[in-house]
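One line per chain: the protein sequences are A, B and C, in this order.
Sequential numbering from 2 applies to the first sequence in our numbering.
Sequential numbering from 41 applies to the second sequence in our numbering.
Sequential numbering from 406 applies to the third sequence in our numbering.
Cβ coordinates follow ideal geometry from the N, Cα and C atoms, glycine included.
Notes to accompany the following structure.
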Amino acid sequence: MPVRHPDPQLLEVITMKQSRIFTLMMLCPALLMVVGLFVIPLLSSVESAFAVGDRYGLDHFQKAAELYGRDILFTMGIVGLSALIIALLSITISGILTLSGNRRLVSLLSALYRWPLFIPFIVAAQCMRTFLAKNGLMNNALMSADLITPLQAVSFLDWSGIVFTFVWKQTAFATLMIAGAMAAMDKSHIQAASNLGAGRVRILFQIILPQVTGTVGVALILSIVTMLSVLSVPLMIGTGTPTMLTADMAFRISSYGDYGVANALGVISWLMVAGLAWYYLKQSMRNNTAGAHH
Amino acid sequence: MLVSTMDGRQMPARNLLARLLPGGIAGVILQGLLILVLALLIFGPLLNLILWAVAEVWYFPYKLPVTYGTKYWAQVFGPQSDAMASLSTSIIIALTTVVVCLLVSVPAGYALARRSLPARAFVMLLFLMPQAFPNLAVYINVARLFYDLGLNGTIAGVVLVHAVHGLVFSVWITVAAFSGVNEDLEKAARNLGASPLRTFFTITLPQALPGILAGCIFVFLESLDEFTGTFFVGAPDVITLPMLLYNASMEGNYQIASITALILLVPSVLFMLVVEKFMRPDTLARIGK
Amino acid sequence: MFKLKAVAGSCLAVALGLSASFASAETVLNVTTAGGQNMVDYVKEYLAPRFEKSHPGVKVRVVGTGPGDSGSNKIFEKLVAQERSGANNYDIDVAVVHQKFGGKMVNESLLSRYKDEIRTGELATRATTENALGSNVTGYVMPMFHSQTALAYNSSIIPNPPSSYDELIAFTKKHPKTFGYNGIKNGMSGVSFVTGWIYAYGSDAGKLTEGPYDPQVKDSWNKALADLKDFNKNVTFTPGNAGTLDMLNRGEIYMGPVWVDMFYTWKAQGKLPPSVKLQLIAPGMPGQPMYYVLPKRAENMKLARDFIELATSPQVQAEGIVKRFNWYPGIDAQHVKNELDAADWDKLFLEITPEDLATKGKSFPIASYFNDIKESYERKVAN
């Protein structure tokens, strides 16, 4: 019916207004859900991180730093290292999937890498808990293959086990996204480069990677967020001190009923993610504007 | 999907390989080794899980179980066990979560797919946030809110908590799916006199459907996997499979934990096998944009 | 859009209906227990069938909230939240909680006073029925059983285990990584080991268990904590109470602090080699009772009382707690001993003698010192 409207300019204005209201209405239920069940509880959590008696202050943060300073750094280290390994592995696998002409290799690899994709963290943690133990299946297998002696067997149930589990689980996710982006790319550049005699590694890093940085960024941010939220893995695998912030928060609440410091730790890990997200947003906005200038 | 994409450019790829891999045999060995290591790393832990599920007695220094058997399977599926009840609770919750997420994220995703929306980046980020904040503290506050609303200890309460958590997948993927819809087709339909609703259901939705389904899969699995929120909002009335698994594992009942884990693995592996049917590479590339 | 909302609403209604339909017509008695799986199993497989038999039409639903303080805290959180929201009924009828939380729940007046109203009330008179780490809990609690932490060791590898903390330190220096414990964040056996350490090298157990609280005392533990940090370099960390037992079983450690009740449960299930034994080291390690408590507004008050009465009756304590699981009884020993053969009773004290228990079985410190110990550990040992 708007199609038959006589005045095209007025039509434009009306449809724009209509679509604004429509858009907002369509967003409404989802927004209400997030606000009511996440934003409000989150704000009260942030409030409690800063509330000291009847005033506001940084006391909880000070205590958090005193008690868990090492764990804050440890968490950043674990997540950073895991993200780095995930990036390397998933880019390598995606690169092989995209560039290798060996059909059997590609189909084998693509059937292989995604097994851990949807395996719950709690299941992964359960697998690793018995797999990576000092006398677990991995060391037993290595011993049987004469690759290590019983005396060299060490338990990986510490930070290295956490990293192993995170990488094991998240690489599949990152690879699925990155390989997808690479497959959707325009192939003419690759063709041109290979015609000019460029090596595979060079094609991967100079031609393919710059075109999928956005996807790599999203895959890594989602992975980092996930790693910062998982409680079961550090509880079930990272047994010694130091430990990850999620375990500290759970302990702070369960053992002392101390919401202040727990929420302060929450705010700290949230800040880590917010920093990253902000960096990503800035990056992608710059890319968008760059695109617009074309 | 990937493989078929590969097929599409078989020729150039083969040329590439010929040029780039002069030492053909070394290359094949290297590739074989890579596959082997990857397979061991991926399947080792899973094999370990299966071994534990059928191990009745397994202690040091034996490298493999001493006695195999199904004693613990009988226990898990026995009349005293809650595993079956937990499984059906888990599935009901996950399916309802998918429905709730779908109902709110399809319109939201459609709206957000239009780039002109004010503060669009902020709204997109808002949906990410429930995944971006370590949830423990949030869940406790949610639990208190739910006590007031009488939602605590109900499946509905657990579903809401799971749905908020799953929104990032359903909304982000739905946005990506709708962004890929050909707007010219929509315009054409409207110009031919189709109502907006009709256009949406006959033109837009079918094109975005694979992406939306992929989003549903993520939400379903996310809900099936969820543990912390269920405890604060659901227990003691609603007990899901992951809660059962966690308790068994922390108690060192590795057989029970492994069997429960295997049950949880079934849908995970099934969806892993079919996800690419739903997830187009071009949709993937658009996620988060 | 409003249509969508209505659909969403009706979906929720359907979901609500579904959840309601799960609760069938019969009366459900909700028993929520903190502590290890062995306790959940005990309630589920031993107590519940007996209670259901004597109370037709009643179904006992057992929920375990997990080991350590966190398990009890979950129950506490739930009760507090229900209290705050002004709920008419708490959805927990009987709870089993750790000693510290028994006191905390009484202080927050979340519990119902019931001990004098059940017939078995007068059978439990130990100090722990009146005092829970400094809080007066008289009348509000009945002990389910008493437990004790001790060192478990593999006697085929360590024929002469250390008999004191001093000897243990020397042992770990000589054999690094063969001793393992679970820190303080993952179950109470590790907390107990650390508390014993403070009793040995910080402040005397009597001072910390009797009070009064003096916030200065913790400053005198610096040396003890620094030594513990050194000691930790030679130990293996285990994932939880059960984790320590599991690593003993898998030959990954040869010694570690465990709960005696869990130790015997595991042994009975064939999950520990017969060569693993117990030793209570000097100057002592803590133990504690688990309490049966009854929330103030439990939905099935009368049934809950009956349940606790059954659980603390001499027959059940003898048959279920002592004979079946080798746990120390909750009610006073003489009432239980009468129900058992001498042989069954003596089995309780095979590895840890009554003299050991009398001299080296300590309680946990009063709540404020307890928190000081844990927090000092986090501040000076873990960080």
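When you compare only the Cα positions, how much space is there between P52/B and V213/A? The sequence position of residue 52/B within the second sequence is 12, counting from 1. The sequence position of residue 213/A within the first sequence is 212, counting from 1. A caution first: P52/B carries a pLDDT of 46, below 50, which makes its placement in the model too unreliable to give a value.
Is K135/A close to chain C? Criterion is C-beta to C-beta, closer than 7 Å. The residue you call residue 135/A lines up with position 134 of the first sequence. Cβ-Cβ to chain C under 7 Å: yes for K135/A.
Would you say A428/C faces chain A, with C-beta separation under 7 Å as the test? In the third sequence, counting from the first residue as 1, residue 428/C sits at position 23. The predicted position of A428/C is uncertain, since its pLDDT is 45 and thus under 50; no value can be drawn from it.
I want to verify the contact list: residues of chain A whose CB lies under 7 Å from the CB of Y150/B, in sequence order. On the second sequence, residue 150/B is found 110 positions in, with the first residue counted as 1. What Y150/B touches in chain A: M27.
List, in chain order, every chain A residue whose beta-carbon is nearer than 9 Å to that of S475/C. Within the third sequence, the letter at position 70 stands for residue 475/C. Within chain A, the residues near S475/C are A251, F252, I254, S255 and S256.
Distance check for M312/B and N196/A, CA to CA, integer angstroms please. As a first step, residue 196/A is located in the first sequence; it is residue number 195 there, counting from the start. As a first step, residue 312/B is located in the second sequence; it is residue number 272 there, counting from the start. Distance between the alpha carbons of N196/A and M312/B: 36 Å.
Tell me, please, which residues DSSP counts as bridged to G661/C. Counted from its first residue, the third sequence places residue 661/C at position 256. The secondary-structure analysis by DSSP pairs G661/C across a beta bridge with A557/C.
Quick one: using the 10 Å Cβ neighbour count with 16 as the cut-off for buried, is E714/C buried or exposed? Numbered from 1 along the third sequence, position 309 holds the residue referred to as residue 714/C. Buried.
Is it true that the CB of V741/C sits closer than 7 Å to the CB of P719/C? Here the question's residue 719/C lines up with position 314 in the third sequence. Here the question's residue 741/C lines up with position 336 in the third sequence. If you check the CB distance, P719/C and V741/C come in under 7 Å.
Using a Cβ-Cβ distance cut-off of 7 Å, determine whether G70/A contacts chain C. Counted from its first residue, the first sequence places residue 70/A at position 69. Chain C, which has a Cβ nearer than 7 Å to the Cβ of G70/A, makes this yes.
Nearest-angstrom Cα distance between I163/A and V234/A? Here residue 163/A corresponds to residue number 162 of the first sequence, with the count starting at 1. Here residue 234/A corresponds to residue number 233 of the first sequence, with the count starting at 1. Within the model, the alpha-carbon separation for I163/A versus V234/A is close to 7 Å.
Could you name the residues that DSSP lists as bridge partners for V501/C? Here residue 501/C refers to the residue found at position 96 when the third sequence is read from its first residue. V501/C pairs with T438/C and Y697/C.
Checking 7 Å against the spacing of the C-beta atoms, do S597/C and M690/C come in under that value? Position 192 of the third sequence holds residue 597/C. Position 285 of the third sequence holds residue 690/C. Their beta carbons are under 7 Å apart, which means S597/C touches M690/C by this criterion.
Return the chain-ordered list of same chain residues with a C-beta closer than 8 Å to the C-beta of R455/C, the five sequence neighbours on each side being excluded. For the purposes of this step, residue 455/C is identified with residue 50 of the third sequence, where counting begins at 1. Correct list, in chain order: L715 and V721.
Cβ neighbour criterion (16 or more within 10 Å) applied to T534/C: Here the question's residue 534/C lines up with position 129 in the third sequence. It counts as buried.
Please look up how many angstroms separate the CB atoms of K135/A and S156/A, rounded, as I've assumed it's under 8 Å. Along the first sequence, read from residue 1 onward, the residue named residue 135/A stands at position 134. Along the first sequence, read from residue 1 onward, the residue named residue 156/A stands at position 155. With 8 Å as the limit, K135/A and S156/A qualify as a contact, their Cβ atoms being about 4 Å apart.
If contact is defined by three or more beta carbon pairs under 8 Å, each pair taking one atom from either stretch, is the stretch 134-148 of chain B in contact with the stretch 30-42 of chain A? With a cut-off of 8 Å on Cβ pairs, the stretch 30-42 of chain A is in contact with the stretch 134-148 of chain B, counting three or more such pairs.
How should F769/C be labelled, buried or exposed, when 16 other C-beta atoms within 10 angstroms of its C-beta is the threshold for buried? As a first step, residue 769/C is located in the third sequence; it is residue number 364 there, counting from the start. So F769/C ends up on the buried side.
When the Cβ atoms of the stretch 459-474 of chain C are set against those of the stretch 439-446 of chain C, are three or more pairs found closer than 8 Å? Between the stretch 459-474 of chain C and the stretch 439-446 of chain C there are three or more inter-stretch CB-CB distances shorter than 8 Å, so the stretches are counted as touching.
In chain B, what lies closer than 9 Å to A193/A by C-beta? Numbered from its first residue, the first sequence carries residue 193/A at position 192. Correct list: empty, because the minimum Cβ distance to chain B is about 10 Å.
Under 8 Å: do the stretch 693-709 of chain C and the stretch 496-506 of chain C share three or more Cβ pairs, one atom per stretch? yes
Return the bridge partner residues of L158/A from the DSSP annotation. Position 157 of the first sequence, counting from 1, holds the residue named residue 158/A. L158/A has no beta-bridge partner at all, per DSSP.
Starting from L158/A, find everything on chain C with Cβ-Cβ shorter than 7 Å and list it in chain order. One-based indexing of the first sequence puts residue 158/A at position 157. Ordered by position in chain C, the residues that pass the 7 Å Cβ test against L158/A are P644.
First and last residue of the alpha helix (DSSP H) that includes G269/B? Working through the second sequence from its first residue, we reach residue 269/B at position 229. G269/B -> alpha helix (DSSP H) spans T268 to G274.
Please report the residue range of the beta strand (DSSP E) in which L683/C lies. Taking the third sequence and counting its residues from 1, the one referred to as residue 683/C is at position 278. Looking at the DSSP string, the run of the beta strand (DSSP E) that includes L683/C is V681 to Q684.
Applying the criterion that 16 or more other CB atoms from any shown protein chain within 10 Å of the CB defines a buried residue, is L65/B buried or exposed? The residue given as residue 65/B occupies position 25 in the second sequence. First, the residue type needs correcting, since residue 65/B is Ile and not Leu in the sequence shown. Under this definition I65/B is an exposed residue.
Determine the contact status of L44/A and I75/B, defining contact as a CB-CB distance below 7 Å. One-based indexing of the first sequence puts residue 44/A at position 43. One-based indexing of the second sequence puts residue 75/B at position 35. No; because the gap between Cβ atoms is not below 7 Å, this pair is not in contact.
Determine the extent of the beta strand (DSSP E) in which E96/B is found, giving its start and end residues. Taking the second sequence and counting its residues from 1, one reaches residue 96/B at position 56. It spans A95 to V97 - the beta strand (DSSP E) in which E96/B sits, taken as one unbroken run.
Hey, quick one: how far does the alpha helix (DSSP H) through R238/B stretch, first residue to last? Along the second sequence, one-based indexing puts residue 238/B at 198. From DSSP, the alpha helix (DSSP H) with R238/B extends over P236 to T239.
On the three-state DSSP scale, how would you describe G206/B? Residue 206/B sits at position 166 when you count from the first residue of the second sequence. Of the three classes helix, strand and coil, the one that applies to G206/B here is helix, per DSSP.
At a Cβ threshold of 7 Å, is M183/A touching chain C? In the first sequence, counting from the first residue as 1, residue 183/A sits at position 182. It does not; no Cβ of chain C falls within 7 Å.
Three-state secondary structure (DSSP) at T641/C? As a working mapping, residue 641/C is identified with position 236 in the third sequence. It is a strand residue.
Under the three-state DSSP convention, the category Y108/B falls into: Within the second sequence, numbered from 1, the residue matching residue 108/B stands at position 68. Y108/B falls in the strand class under three-state DSSP.
Could you say which of I22/A, F132/A, S101/A and I269/A lies nearest to F83/B if we only look at CA atoms? Taking the first residue of the second sequence as 1, we reach residue 83/B at position 43. Ranking the options by Cα distance to F83/B, first place goes to F132/A.
With distances taken Cα to Cα, identify the nearest neighbour of L104/B among T300/B, L87/B, G233/B and E226/B. As a first step, residue 104/B is located in the second sequence; it is residue number 64 there, counting from the start. Ranking T300/B, L87/B, G233/B and E226/B by Cα distance to L104/B puts L87/B first.
Which residues of chain C have a Cβ atom closer than 8 Å to the Cβ of P243/A, listed in chain order? Position 242 of the first sequence, counted from the start, is the residue given in the question as residue 243/A. Within 8 Å Cβ-Cβ: A787 and N788.
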